[in-house]
Amino acid sequence: METAIQIQNVWKIFGNTSNEALDAIQNKNISKQEALEKYNSVIGVSDVSFNVNKGEIFCVMGLSGSGKSTLVRHINRLLEPTSGKILINNQDVMQFDKESLRELRNKKIGMVFQNFALMPHRSVLDNIAMPLEIRGVSKNDRLDAATNILNIVELQGWGNKYAHELSGGMQQRVGLARALAADPEFLLMDEPFSALDPLIRRQLQSEFIKLSKKMKKTTVFITHDLDEAVRVGHRIAIMRDGEVVQIGTPEEIVVNPADEYVADFVKGISRLKVVQAKTIMKSIKEHENKFGSLENNELVNENDVLSKLIETSISKNRPIIVTNSNNEKIGVITQSDLLKAVVEGNENE
3 METAIQIQNV
13 WKIFGNTSNE
23 ALDAIQNKNI
33 SKQEALEKYN
43 SVIGVSDVSF
53 NVNKGEIFCV
63 MGLSGSGKST
73 LVRHINRLLE
83 PTSGKILINN
93 QDVMQFDKES
103 LRELRNKKIG
113 MVFQNFALMP
123 HRSVLDNIAM
133 PLEIRGVSKN
143 DRLDAATNIL
153 NIVELQGWGN
163 KYAHELSGGM
173 QQRVGLARAL
183 AADPEFLLMD
193 EPFSALDPLI
203 RRQLQSEFIK
213 LSKKMKKTTV
223 FITHDLDEAV
233 RVGHRIAIMR
243 DGEVVQIGTP
253 EEIVVNPADE
263 YVADFVKGIS
273 RLKVVQAKTI
283 MKSIKEHENK
293 FGSLENNELV
303 NENDVLSKLI
313 ETSISKNRPI
323 IVTNSNNEKI
333 GVITQSDLLK
343 AVVEGNENE
């Protein structure tokens, strides 16, 4: 896969003596508490490295104070790292001058925050068109673009309303539309749905997933909600005390947590939502040698999760065939395999 964003050994230490504190952390191995006591410095991000692939939704999650929101603000240099590199499309963002940085923020990166941050004196359309206005696009062109985006986020007919006339969920859709209006290559989303009621949050998650498949924006998505990260993200990075403790697909993190901290996080997530067909399937040849032909059995995709596999298997009471993206048959799953996948999950909880 093509890499779009690279975070390389990024540190962020807050305080007037941050460089001295970093030197002591790296060379004298002082603790976070010692850095606070000796240098009056707070470690926000601690030696974080990861890559985000082009078109991927990469979730960064952790509890409050874990450093996730601090980290995302380094990507477009709203915060300056104390040390480390940030590359976007193989360009070192730390080397950008003011003009290049303005271009990055204005044309390549869109941001969506937990606080909707809509301008109360502007209509919905004018709020959405604002990034294009800053870019100097003509009024007719920017309003046309805003109208198109308004339709994409399913707010047709609301363009002339004002923020106070919209529900929270609708306001957040306007915030997302504003970020998309300039057609950025990247989206940075900092807990965009966490202020909303659970039902509205789930609806917006579903809409965002559909929108992402359509628009294929490379997205860094910050959340403290593991259910949301599992549902939305292609991969997840879990942070604690400024450090990344595990990176993996939702399935990898739920099935093989790196430590007790991650295990506590994921114990409430059902394996039915994350374990995929390709993980539990067996060889077709091996099965045919034992049980004969599988010609008329139901087909499932290799990425289908356990809950769907169980539903498909029960409906026909026969083994199911796993296919890949080219519709080639690559494996078979019996009801015994499905039962084992569920039981193993229960035993580990």
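Residue numbers 3 to 351, in our numbering, belong to the letters of the sequence shown in order.
We put the beta carbon where it would ideally sit given N, CA and C, even for glycine.
- Here Ile136 has Asn108 as same chain residues with Cβ atoms under 7 Å from its own Cβ, once five neighbours each way along the sequence are excluded.
- In chain order, Gly57 place their CB closer than 6 Å to the CB of Lys218, counting only its own chain and leaving out the 5 sequence neighbours on each side.
- For Pro321, the CB contacts under 8 Å within the same chain, skipping 5 residues up- and downstream, are His289, Phe293, Leu296, Asn299, Ser315, Val334, Ile335, Thr336, Gln337 in chain order.
- About 6 Å separates the CB atoms of Arg79 and Val95; that is less than 8 Å, so the two are in contact.
- When C-alpha distances from Val62 are compared across Met241, Val276, Gln205, the shortest belongs to Met241.
- Taking C-alpha positions only, Gly244 is separated from Gly17 by approximately 15 Å.
- Cβ contact annotation for Ile27 (same chain, cutoff 7 Å, sequence separation greater than five): Ala37, in chain order.
- Taken through DSSP and simplified to helix, strand or coil, Glu209 comes out as helix.
- Using a Cβ-Cβ distance cut-off of 8 Å, the stretch 181–188 and the stretch 122–138 are in contact, since at least three pairs of beta carbons, one from each stretch, lie closer than that value.
- With respect to Thr221, Ile59 sits close: the two C-beta atoms are nearer than 7 Å.
- Of Leu308, Ser85, Pro122, the smallest CA-CA separation from Asp25 is found for Ser85.
- In the structure shown, the three-state DSSP call for Ser309 is helix.
- Judged by their CB atoms, Arg144 and Ala165 are not nearer to each other than the 7 Å cut-off.
- Fewer than three pairs of CB atoms, one per stretch, sit closer than 8 Å, so the stretch 151–162 makes no contact with the stretch 111–121.
- In this structure, Ile15 sits away from Phe52, with a CB-CB distance that is not shorter than 7 Å.
- Taking C-alpha positions only, Leu127 is separated from Gln158 by approximately 10 Å.
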